[in-house]
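Participant:
2 protein chains.
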Amino acid sequence: MVTTHRIVLAERPQGAVTPANFRAEDAALPPIGDGQFLVGANYLSLDPYMRGRMDDRKSYAAPTPVGGVMEGEIIGTVLESRHPGFSVGERVAGRLGWQTHAISDGTGLVKLDDRFKPITTAVGVLGMPGLTAYSGLLTLGKPQPGETVVVAAATGPVGSLVGQIARLYGARAVGIAGGAEKCAYAKQELGFDAVVDHRSPTFADDLAAACPDGIDINFELVGGAVWQAVLPLLNNFARVPVCGLIAQYNGSSGEQVDHLPAAMRIILSRSIMMRGFIVGEFWDQRPKFLDEVSQWISEGKIRFREDIVEGLDNAPAAFMGLLEGRNFGKLVVKID
Amino acid sequence: MVTTHRIVLAERPQGAVTPANFRAEDAALPPIGDGQFLVGANYLSLDPYMRGRMDDRKSYAAPTPVGGVMEGEIIGTVLESRHPGFSVGERVAGRLGWQTHAISDGTGLVKLDDRFKPITTAVGVLGMPGLTAYSGLLTLGKPQPGETVVVAAATGPVGSLVGQIARLYGARAVGIAGGAEKCAYAKQELGFDAVVDHRSPTFADDLAAACPDGIDINFELVGGAVWQAVLPLLNNFARVPVCGLIAQYNGSSGEQVDHLPAAMRIILSRSIMMRGFIVGEFWDQRPKFLDEVSQWISEGKIRFREDIVEGLDNAPAAFMGLLEGRNFGKLVVKID
Numbered sequence: 001m002v003t004t005h006r007i008v009l010a011e012r013p014q015g016a017v018t019p020a021n022f023r024a025e026d027a028a029l030p031p032i033g034d035g036q037f038l039v040g041a042n043y044l045s046l047d048p049y050m051r052g053r054m055d056d057r058k059s060y061a062a063p064t065p066v067g068g069v070m071e072g073e074i075i076g077t078v079l080e081s082r083h084p085g086f087s088v089g090e091r092v093a094g095r096l097g098w099q100t101h102a103i104s105d106g107t108g109l110v111k112l113d114d115r116f117k118p119i120t121t122a123v124g125v126l127g128m129p130g131l132t133a134y135s136g137l138l139t140l141g142k143p144q145p146g147e148t149v150v151v152a153a154a155t156g157p158v159g160s161l162v163g164q165i166a167r168l169y170g171a172r173a174v175g176i177a178g179g180a181e182k183c184a185y186a187k188q189e190l191g192f193d194a195v196v197d198h199r200s201p202t203f204a205d206d207l208a209a210a211c212p213d214g215i216d217i218n219f220e221l222v223g224g225a226v227w228q229a230v231l232p233l234l235n236n237f238a239r240v241p242v243c244g245l246i247a248q249y250n251g252s253s254g255e256q257v258d259h260l261p262a263a264m265r266i267i268l269s270r271s272i273m274m275r276g277f278i279v280g281e282f283w284d285q286r287p288k289f290l291d292e293v294s295q296w297i298s299e300g301k302i303r304f305r306e307d308i309v310e311g312l313d314n315a316p317a318a319f320m321g322l323l324e325g326r327n328f329g330k331l332v333v334k335i336d
Numbered sequence: 001m002v003t004t005h006r007i008v009l010a011e012r013p014q015g016a017v018t019p020a021n022f023r024a025e026d027a028a029l030p031p032i033g034d035g036q037f038l039v040g041a042n043y044l045s046l047d048p049y050m051r052g053r054m055d056d057r058k059s060y061a062a063p064t065p066v067g068g069v070m071e072g073e074i075i076g077t078v079l080e081s082r083h084p085g086f087s088v089g090e091r092v093a094g095r096l097g098w099q100t101h102a103i104s105d106g107t108g109l110v111k112l113d114d115r116f117k118p119i120t121t122a123v124g125v126l127g128m129p130g131l132t133a134y135s136g137l138l139t140l141g142k143p144q145p146g147e148t149v150v151v152a153a154a155t156g157p158v159g160s161l162v163g164q165i166a167r168l169y170g171a172r173a174v175g176i177a178g179g180a181e182k183c184a185y186a187k188q189e190l191g192f193d194a195v196v197d198h199r200s201p202t203f204a205d206d207l208a209a210a211c212p213d214g215i216d217i218n219f220e221l222v223g224g225a226v227w228q229a230v231l232p233l234l235n236n237f238a239r240v241p242v243c244g245l246i247a248q249y250n251g252s253s254g255e256q257v258d259h260l261p262a263a264m265r266i267i268l269s270r271s272i273m274m275r276g277f278i279v280g281e282f283w284d285q286r287p288k289f290l291d292e293v294s295q296w297i298s299e300g301k302i303r304f305r306e307d308i309v310e311g312l313d314n315a316p317a318a319f320m321g322l323l324e325g326r327n328f329g330k331l332v333v334k335i336d
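Here is the structure:
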């Protein structure tokens, strides 16, 4: 009998996520049935969207139940199989949760061929974050040569790809990151044309100075104060794909001013297009995305960075760090 | 020598518009030159966007200077002409301002043929408000059969057309209006499927009850509290064309809660598309719009209502009433 070690949602967070929201436990898995196979997890992907699942709030996906396994994508290896399409030893990725072992019938899983080098790219630059950047920027943002594209979390898996693809399309990429080390990396390694530190007390002015021609595309990942600073800089007919609001996930800023009316005024008077999206909408672009981005990586046109944490039991602390921007690159947990 | 009687911006409003913001004056016009003609105004159109021009704030158009003629569209008659394209007696419409007479070289003016019956439709259902409704709904909103379309100011020139066109496209039209008389008119005369009174203390609940399947298109004309009530009812992939925020034009609601983060969360989690627009963007649709809407009017499929005020000197009071929803139908000033 196989035992899975897993992290479950012990209680819903009230504001900031705390260690008490998680609980590690072991559970016996039943034998696999016909059409099923057993996956042993090698890596767990940690992504900001998981914060939303911890709340009991209407969203695009059902919340994780209290006591349920934390939702997340793993990269794993088929250990036993009674499924004709999946053989022992094959590598797969899919949403099997924060756990060491899981039984699957293949629903929602993808097989990983040798384009995924290292294999962790399957949950990073060549995975869901990469497709988010690629499809959101190209389909909704539609960058044109000479335009200014702004993205926050610029060293993260989505932001870093948004900036680099924007430049491949002839646009000027302005990144926003937290702290000198990340800013230097975004500028020197990722090639952003300008990078602004959101921790600086002069952040809003710095951003304006970095965007002398205004902003044509703001790829919104963070919300909150960064979005406040972006809004007045948007040009007429600017596009704002919205696929993350990490700065807001832990609750209210406590600001006692309603910023919605001013935001609406800018949207109206400058003919702004805003569009929320979830990457699943663009799943049909995945084959083209994989071809293009893996080609760009092999040509040295796209760089990426991963932040690997060891051990499933360290996932909660790593996830709390992610929500505060303490990771540096795509955050992945290596499972022993 | 011809004297024009005109209303100028005496001072910029601080919050609500007051009579002291306007001044009536007479001014001598120079003789017309070659390529020019003299227009005598018959009607002045009053529209919410004019409030924006009274402020000294970056927008899609330059503010009216203090001491300058209030901006606005008039319907007039050519009284004298030294322009080969405009003959005495022809009817024209264009942005010649709040005044009885003006000299033009034809820039931005349109000639009015006999499709405009009555002639005031040229600034209403067949004018800028009509084109706003038509292009914004069809090009940005894209109503589908069975969808729910919500529009406020439902008895006004934009809202009434949005609702009626939505129904011609097979959608369910839910109107928002202020007071029992307007609500009854919207339901009985304009044919809205449901109408909700925004002055009711149970407005947000009433709106939810009127939209049991949620909202697929919200044609945003008012902002403020109405928009707050709409937001939680938006369906996945809802579209929100934004072309007016009349509830916000006179300044802050004084609310000490930041509603922007929650709005962003809804936009993200439900893949909402918001798009500000100014009718000028869709000017090339005007010929098709005029053909279709005048045809619908002649077939009795589209109804409209005008609210005619007598005398240019009553324009400021009428305009202040418009900002508070005291007009009932498209507001036009008849100039003697």
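Taken in order, these protein sequences are the chains called A and B.
Throughout the first sequence, residue numbering follows the UniProt record's numbering, covering 1 to 336 in sequence.
Throughout the second sequence, residue numbering follows the UniProt record's numbering, covering 1 to 336 in sequence.
Cβ coordinates follow ideal geometry from the N, Cα and C atoms, glycine included.
Mind listing the chain B neighbours of Ser-59 of chain A? Cutoff is C-beta to C-beta under 8 Å, in chain order.
Facilitator: Ser-269
Participant: Report, in whole angstroms, the separation of the C-beta atoms of Val-17 of chain B and Asn-327 of chain B, which I expect to be a contact under 8 Å.
Facilitator: In fact, because the Cβ distance is near 14 Å, the residues do not count as touching under 8 Å.
Participant: Are Ile-217 of chain B and Glu-306 of chain B closer than 8 Å when you measure CB to CB?
Facilitator: no
Participant: With a Cβ-Cβ cutoff of 8 Å, do Phe-277 of chain B and Gly-108 of chain B count as a contact?
Facilitator: no
Participant: Helix, strand or coil for Ser-298 of chain B, going by three-state DSSP, please let me know.
Facilitator: helix
Participant: Along chain B, in chain order, which residues have C-beta atoms closer than 9 Å to that of Ile-176 of chain A?
Facilitator: Neighbours of Ile-176 of chain A on chain B: none; closest Cβ ~16 Å, over 9 Å.
Participant: Out of B:Ala-194, B:Ala-315, B:Ala-263, point me to the one whose CA is closest to Val-149 of chain B's CA.
Facilitator: B:Ala-194
Participant: Which of helix, strand or coil does DSSP assign to Phe-282 of chain B?
Facilitator: helix
Participant: Between which two residues does the beta strand (DSSP E) holding Asp-206 of chain A run?
Facilitator: Unbroken run through Asp-206 of chain A is the alpha helix (DSSP H), 203 to 210; no beta strand (DSSP E).
Participant: With 16 other CB atoms within 10 Å as the buried threshold, where does Gln-99 of chain B fall?
Facilitator: buried
Participant: Roughly how many angstroms lie between the CA atoms of Ile-103 of chain B and Leu-138 of chain A, to the nearest whole one?
Facilitator: If you draw a straight line from the Cα of Ile-103 of chain B to the Cα of Leu-138 of chain A, it is about 48 Å long.
Participant: Which whole-angstrom value is the C-beta distance of Phe-116 of chain A and Ser-81 of chain A, which I expect to be below 8 Å?
Facilitator: Contact flag wrong, Cβ pair sits at about 20 Å.
Participant: If I'm right that Val-242 of chain B touches Leu-268 of chain A with Cβ under 8 Å, what's the distance once you round it to whole angstroms?
Facilitator: Indeed they touch by this definition, with Cβ atoms about 5 Å apart.
Participant: Can you list, in chain order, the residues of its chain whose CB lies under 6 Å from that of Gly-223 of chain A, leaving out five sequence neighbours each side?
Facilitator: Leu-245, Ala-247, Gln-248
Participant: Kindly give me the distance between the Cβ atoms of Gly-141 of chain A and Arg-239 of chain A, rounded to whole angstroms, as I take these residues to be in contact under 8 Å.
Facilitator: 5 Å
Participant: Do His-83 of chain A and Gly-40 of chain A come within 8 Å of each other at the CB atom, strictly closer than that value?
Facilitator: no
Participant: Using the beta-carbon of each residue, which ones in chain D are nearer than 8 Å to Arg-303 of chain B?
Facilitator: Any reference to chain D falls outside this structure, whose protein chains are A and B.
Participant: Compute the distance between the beta-carbons of Leu-233 of chain B and Cys-211 of chain B, then report whether it is under 8 Å.
Facilitator: yes
Participant: In chain A, which residues lie less than 7 Å from Ile-278 of chain B when you measure between Cβ atoms?
Facilitator: Ser-271
Participant: Indicate whether at least one CB of chain B lies closer than 8 Å to the CB of Gln-285 of chain A.
Facilitator: So, not an interface residue.
Participant: Alpha carbons only, please: which of B:Leu-190, B:Ala-317, B:Glu-220 is nearest the one belonging to Ile-297 of chain B?
Facilitator: B:Leu-190
Participant: Among the residues of its own chain, which have a CB less than 6 Å from the CB of Lys-182 of chain A, if the five just before and after it don't count?
Facilitator: So the list reads Thr-155, once near-sequence residues are dropped.
Participant: Between Val-242 of chain A and chain B, is any beta-carbon pair separated by less than 8 Å?
Facilitator: yes
Participant: By the 10 Å Cβ neighbour count, where 16 or more other Cβ atoms means buried, how is Asn-314 of chain A classified, buried or exposed?
Facilitator: exposed
Participant: Let me check understanding here. Comparing Cα to Cα, which of A:Arg-275, A:Gly-15, A:Tyr-43 lies closest to His-101 of chain A?
Facilitator: The residue among A:Arg-275, A:Gly-15, A:Tyr-43 with its C-alpha nearest the C-alpha of His-101 of chain A is A:Tyr-43.
Participant: Taking the C-alpha atoms as reference points, what is the distance between Ala-229 of chain A and Gln-14 of chain B?
Facilitator: 25 Å
Participant: Hey, would you say Leu-9 of chain B sits closer than 8 Å to Met-50 of chain B, going by beta carbons?
Facilitator: In this structure, Met-50 of chain B does not lie closer than 8 Å to Leu-9 of chain B by Cβ.
Participant: For Gln-36 of chain A, list the residues DSSP reports as bridge partners.
Facilitator: None, per the DSSP bridge assignment.
Participant: So Val-78 of chain B and Val-88 of chain B are supposed to be a Cβ contact under 8 Å. How far apart are they, rounded?
Facilitator: 5 Å
Participant: For the region 62 to 146 of chain A, which segments carrying the alpha helix (DSSP H) assignment without a break, of at least 4 residues, lie completely within its bounds, in sequence order?
Facilitator: 128 to 135
Participant: Look at the Cβ atom of Pro-316 of chain A, then the Cβ atom of Ile-7 of chain A, and state whether they are nearer than 8 Å.
Facilitator: yes
Participant: Under 7 Å between beta-carbons, which chain B residues line up against Val-17 of chain A? List them in chain order, please.
Facilitator: By Cβ distance, chain B contributes nothing, its closest Cβ being about 17 Å from Val-17 of chain A, past 7 Å.
Participant: Can you confirm whether Gly-223 of chain B, when its beta carbon is compared against all beta carbons of chain A, has any partner nearer than 8 Å?
Facilitator: yes
Participant: Below 8 Å on C-beta distance, what does Gln-248 of chain B contact in chain A?
Facilitator: Pro-261, Met-264, Arg-265
Participant: Whose Cβ in chain A lies nearer than 8 Å to the Cβ of residue 337 of chain B?
Facilitator: Here chain B has residues from 1 to 336 only, and residue 337 of chain B is not among them.
Participant: Measuring only between beta-carbons, confirm whether Arg-275 of chain B sits less than 8 Å from chain A.
Facilitator: yes
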